[in-house]
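Residue numbers (full-length UniProt numbering), protein chains in the order written: chain A, 1 to 206; chain B, 1 to 206; chain C, 1 to 206; chain D, 1 to 206.
Here a beta-carbon is modelled for each residue, glycine too, at the ideal position from N, C-alpha and C.
Structure record follows, encoded as structure tokens.
4 protein chains.
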Amino acid sequence: MSEDDEAPRGRRRGSIGARRNPETEAAVLMAAQALLAEKGYAGFSIDEVARRAGAGKPTIYRWWPTKADLFVAVYEQDKAAFVADPHAGDLKSDLIAYTRALWTFWRDSPAGCTFRALVAEAQGSKAALAALRDKFLPERVRTLRNIFARAAVRGEIDAADVEALLELYVGFNWLRMLTDRIADDKAAVDRMARLIAGARGDRKAG
Amino acid sequence: MSEDDEAPRGRRRGSIGARRNPETEAAVLMAAQALLAEKGYAGFSIDEVARRAGAGKPTIYRWWPTKADLFVAVYEQDKAAFVADPHAGDLKSDLIAYTRALWTFWRDSPAGCTFRALVAEAQGSKAALAALRDKFLPERVRTLRNIFARAAVRGEIDAADVEALLELYVGFNWLRMLTDRIADDKAAVDRMARLIAGARGDRKAG
Amino acid sequence: MSEDDEAPRGRRRGSIGARRNPETEAAVLMAAQALLAEKGYAGFSIDEVARRAGAGKPTIYRWWPTKADLFVAVYEQDKAAFVADPHAGDLKSDLIAYTRALWTFWRDSPAGCTFRALVAEAQGSKAALAALRDKFLPERVRTLRNIFARAAVRGEIDAADVEALLELYVGFNWLRMLTDRIADDKAAVDRMARLIAGARGDRKAG
Amino acid sequence: MSEDDEAPRGRRRGSIGARRNPETEAAVLMAAQALLAEKGYAGFSIDEVARRAGAGKPTIYRWWPTKADLFVAVYEQDKAAFVADPHAGDLKSDLIAYTRALWTFWRDSPAGCTFRALVAEAQGSKAALAALRDKFLPERVRTLRNIFARAAVRGEIDAADVEALLELYVGFNWLRMLTDRIADDKAAVDRMARLIAGARGDRKAG
DNA sequence: TATTAAACGAGACGGTACGTCACGTCTTTGC
DNA sequence: GCAAAGACGTGACGTACCGTCTCGTTTAATA
Numbered sequence: 001m002s003e004d005d006e007a008p009r010g011r012r013r014g015s016i017g018a019r020r021n022p023e024t025e026a027a028v029l030m031a032a033q034a035l036l037a038e039k040g041y042a043g044f045s046i047d048e049v050a051r052r053a054g055a056g057k058p059t060i061y062r063w064w065p066t067k068a069d070l071f072v073a074v075y076e077q078d079k080a081a082f083v084a085d086p087h088a089g090d091l092k093s094d095l096i097a098y099t100r101a102l103w104t105f106w107r108d109s110p111a112g113c114t115f116r117a118l119v120a121e122a123q124g125s126k127a128a129l130a131a132l133r134d135k136f137l138p139e140r141v142r143t144l145r146n147i148f149a150r151a152a153v154r155g156e157i158d159a160a161d162v163e164a165l166l167e168l169y170v171g172f173n174w175l176r177m178l179t180d181r182i183a184d185d186k187a188a189v190d191r192m193a194r195l196i197a198g199a200r201g202d203r204k205a206g
Numbered sequence: 001m002s003e004d005d006e007a008p009r010g011r012r013r014g015s016i017g018a019r020r021n022p023e024t025e026a027a028v029l030m031a032a033q034a035l036l037a038e039k040g041y042a043g044f045s046i047d048e049v050a051r052r053a054g055a056g057k058p059t060i061y062r063w064w065p066t067k068a069d070l071f072v073a074v075y076e077q078d079k080a081a082f083v084a085d086p087h088a089g090d091l092k093s094d095l096i097a098y099t100r101a102l103w104t105f106w107r108d109s110p111a112g113c114t115f116r117a118l119v120a121e122a123q124g125s126k127a128a129l130a131a132l133r134d135k136f137l138p139e140r141v142r143t144l145r146n147i148f149a150r151a152a153v154r155g156e157i158d159a160a161d162v163e164a165l166l167e168l169y170v171g172f173n174w175l176r177m178l179t180d181r182i183a184d185d186k187a188a189v190d191r192m193a194r195l196i197a198g199a200r201g202d203r204k205a206g
Numbered sequence: 001m002s003e004d005d006e007a008p009r010g011r012r013r014g015s016i017g018a019r020r021n022p023e024t025e026a027a028v029l030m031a032a033q034a035l036l037a038e039k040g041y042a043g044f045s046i047d048e049v050a051r052r053a054g055a056g057k058p059t060i061y062r063w064w065p066t067k068a069d070l071f072v073a074v075y076e077q078d079k080a081a082f083v084a085d086p087h088a089g090d091l092k093s094d095l096i097a098y099t100r101a102l103w104t105f106w107r108d109s110p111a112g113c114t115f116r117a118l119v120a121e122a123q124g125s126k127a128a129l130a131a132l133r134d135k136f137l138p139e140r141v142r143t144l145r146n147i148f149a150r151a152a153v154r155g156e157i158d159a160a161d162v163e164a165l166l167e168l169y170v171g172f173n174w175l176r177m178l179t180d181r182i183a184d185d186k187a188a189v190d191r192m193a194r195l196i197a198g199a200r201g202d203r204k205a206g
Numbered sequence: 001m002s003e004d005d006e007a008p009r010g011r012r013r014g015s016i017g018a019r020r021n022p023e024t025e026a027a028v029l030m031a032a033q034a035l036l037a038e039k040g041y042a043g044f045s046i047d048e049v050a051r052r053a054g055a056g057k058p059t060i061y062r063w064w065p066t067k068a069d070l071f072v073a074v075y076e077q078d079k080a081a082f083v084a085d086p087h088a089g090d091l092k093s094d095l096i097a098y099t100r101a102l103w104t105f106w107r108d109s110p111a112g113c114t115f116r117a118l119v120a121e122a123q124g125s126k127a128a129l130a131a132l133r134d135k136f137l138p139e140r141v142r143t144l145r146n147i148f149a150r151a152a153v154r155g156e157i158d159a160a161d162v163e164a165l166l167e168l169y170v171g172f173n174w175l176r177m178l179t180d181r182i183a184d185d186k187a188a189v190d191r192m193a194r195l196i197a198g199a200r201g202d203r204k205a206g
């Protein structure tokens, strides 16, 4: 704050030579994040980001050719706030810890809005869809996969079920987020964790 | 058909007096459906729907004040093509039948595009979110809930787990649809059905 | 003035139904004229016209698809201020009267800027060139042609020379305007009129 | 040619020390000329010149601070192709020869485009206007003035009319060029030359 | 021989304008 | 009173150029 970096009219931020200006990059990401948090996906526009960041539109398009690229970058920047792999010792506790942390992250940081914007964008753009499916999702799912993998090592679940359980659990979280139902519902998280932790794919019913 | 109802310039379809014109309604829904199927969410616009339907924009806004309303109406119209409650006799078979039918429906009718558009819209509009969560989702989930309820009656699953299993399974389907991975993957559907059918929430882990 | 029609934020001027709004048209022409007068060709932009007129850009593009169309319309509107066919009785007096009136018109009304803008535009756009050559120029030259035609009837010049004299005299005026030398130089105008009035194409030189 | 001087990607052309690099200058002028010839005034941009010349924009702005400077330099470079003072012996023949040569020059070399660009630029920029009026025009008119001056010496025209006739004739050529009517119209050129050669300013009408 | 100084290419920068599209509202005319 | 028609102001879209800037390199002239 004291340095007033992202002030629109503070000081002119020109080029620093034939290479990317990190101050501009930071200002744009900051502005995009704030705008998403304030107005959501529908109220988001490159014009407004440029305005707030005190940046030129071509600069934004140069580094983030599509909105999806920008959304991914914004999410990337926030993710430091949520990396936690709980290591609680058993699957159910891990899932509970992870899920509550994730929901809190989505609720209390701008990341939730960013995620929702990315999903929305992916429903209308091939490029965004590819970014979501082939880049964003695999990276975001890594921690959760580790949790399931450790549980399989411990014998809590069948190793062959890891990917399927992953999809189930990720789907659950998406469903909740996309329908805006991620209040801190301890009971729901507990129930779901218990259910997942008790799932077996090899039951007699085959 | 013979009269070329939805043709943009075929015949003038004026007012039929001080009441809603069902031909217009049908033409609008048809046009919206076709446009979504062709261009997807990003390429969808009220202007283009009006153009194709040979309708006035105010007419559209009068009956479907938001895009979400229009998306819901379009989906509603198609759903007749997919109502099937399988009644196969056991949960796993029911799930497999249901899921494959649903994915086929999403893939081969315009309904998949409509669903994706509705979800996207809901990420940027409170009204659309409410429509999605409080109207669309409950209606769409009914058949699946019946499937789980019958399984509980048969003792295949715990009745207390029905809602949670529902969320898990719906989340899985959403995740697949929203990342455009609903090819007819028999193995994946089977595996998931087996896993769900074998889930228990009452395991010792408490 | 008292009604403050072209005020950007005075009162909203919306549509008046499915037809052109003459208030908007007037506001746009007024704004374009003023902008040309203030900033000249280089400082002219459709964006700024829209801003000043309180009009939408699409509205402007709808009625004047190219800048040339707009320039022509602006000139057209001002021309009422200069229609005078002098009828002084002899060619030289007619030319002097006409030329001084024209230069005054160009100097003291926004028309000079408009004319220059149109010529400039025509150097970079086929459409503008066609408008200038095939529409603007013929209309603008009519009065001058009448002057020469009457002189031919009176026997002051050879009827066969009318078109050529016209080109010479129009060229002279263009040259002066385009190099911004149309101060009220009575001597220059007189000299030129005397020269033209005395020109003969049928001299022995064959 | 053999060294492929203006090739954008042939070889890097860096600095040759603390002084102007004539290769760069030539490449820029060549590129500007070609671009004007291809795209005309509207399609001309410093960016594109820099691109084609393989030059940096600051280099261009250093040596030709305004577009007008660049246009003038380009025209200057071509003028060698047209210097001819005809010396045919009588005014009419001189004018015919001069005019046909000039029109051919404007039509068949890039000079016509350059001239038109300079005039257009002058309608929007004080600096360009000054360059056109006070530098370009006087230089370009010199040969024609000589033609008229010799005719005056021979007694074909009144010496006092030289400047006025000059303006008339230059104006005619500008008018033709700026409205793109400089096809090789022998009859028109003849007629105009005859008319000019027969003009007298001292006729009784005084 | 080492240093300085300027010109070079490259290209990023904040801006502005471009011309188009969609938004949601409005008014008129005809059924 | 509804419907078609379509104009309206608004504002975002993605692109092109503007003219300025800072870089790191290259070369010639100077010390």
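Expressed to the nearest angstrom, what Euclidean distance is found between the alpha-carbon atoms of residue i and residue j?
{"i": "Gly171 (chain C)", "j": "Thr24 (chain C)", "result": "36 Å"}
{"i": "Phe71 (chain D)", "j": "Ala111 (chain C)", "result": "27 Å"}
{"i": "Arg154 (chain D)", "j": "Gly198 (chain D)", "result": "14 Å"}
{"i": "Val83 (chain C)", "j": "Ile60 (chain B)", "result": "51 Å"}
{"i": "Arg19 (chain D)", "j": "Val28 (chain D)", "result": "16 Å"}
{"i": "Trp174 (chain C)", "j": "Ala73 (chain C)", "result": "20 Å"}
{"i": "residue 218 (chain A)", "j": "Phe105 (chain A)", "result": "Outside the displayed range of chain A (1 to 206) lies residue 218 (chain A), so it cannot be described from this structure."}
{"i": "Met192 (chain C)", "j": "Ala164 (chain D)", "result": "6 Å"}
{"i": "Gly10 (chain D)", "j": "Glu121 (chain D)", "result": "Any reading at Gly10 (chain D) needs caution, since the residue's pLDDT is 42, under 50, leaving its predicted position unreliable; the model's value is listed next. Those two C-alpha atoms are separated by around 32 Å."}
{"i": "Glu156 (chain B)", "j": "Leu166 (chain B)", "result": "14 Å"}
{"i": "Thr179 (chain B)", "j": "Thr143 (chain A)", "result": "20 Å"}
{"i": "Glu139 (chain A)", "j": "Ile46 (chain C)", "result": "47 Å"}
{"i": "Val141 (chain B)", "j": "Asp134 (chain B)", "result": "11 Å"}
{"i": "Gln48 (chain B)", "j": "Asn21 (chain B)", "result": "In the sequence on display, residue 48 (chain B) carries Glu and not Gln. Approximately 20 Å, taken between the alpha carbons."}
{"i": "Thr66 (chain C)", "j": "Phe44 (chain D)", "result": "18 Å"}
{"i": "Trp103 (chain C)", "j": "Arg181 (chain C)", "result": "10 Å"}
{"i": "Leu132 (chain D)", "j": "Val119 (chain C)", "result": "15 Å"}
{"i": "Asp108 (chain A)", "j": "Tyr169 (chain B)", "result": "27 Å"}
So for residue i, helix, strand or coil by DSSP?
{"i": "Tyr41 (chain B)", "result": "coil"}
{"i": "Ile157 (chain B)", "result": "coil"}
{"i": "Thr66 (chain D)", "result": "coil"}
{"i": "Met1 (chain C)", "result": "Annotation note: pLDDT 34 at Met1 (chain C) (below 50); position unreliable, coordinate value reported separately. Here Met1 (chain C) sits in coil by DSSP."}
{"i": "Ala31 (chain A)", "result": "helix"}
{"i": "Ile96 (chain A)", "result": "helix"}
{"i": "Asn146 (chain B)", "result": "helix"}
{"i": "Asn21 (chain A)", "result": "coil"}
{"i": "Thr179 (chain C)", "result": "coil"}
{"i": "Ile46 (chain A)", "result": "helix"}
{"i": "Val83 (chain A)", "result": "coil"}
{"i": "Gly124 (chain D)", "result": "coil"}
{"i": "Arg9 (chain A)", "result": "Low confidence applies to Arg9 (chain A): its pLDDT is 37, below 50, so where it sits in the model is not reliable, and the reading given next is rough at best. Reduced to three states, the DSSP call for Arg9 (chain A) is coil."}
{"i": "Gly56 (chain B)", "result": "coil"}
Answer yes or no: do residue i and residue j have a C-beta to C-beta separation smaller than 8 Å?
{"i": "Ala128 (chain A)", "j": "Ala68 (chain A)", "result": "yes"}
{"i": "Tyr41 (chain C)", "j": "Gly124 (chain D)", "result": "yes"}
{"i": "Arg52 (chain C)", "j": "Ala37 (chain C)", "result": "no"}
{"i": "Arg116 (chain A)", "j": "Val189 (chain A)", "result": "no"}
{"i": "Ile147 (chain B)", "j": "Leu95 (chain B)", "result": "yes"}
{"i": "Lys39 (chain C)", "j": "Ala50 (chain C)", "result": "no"}
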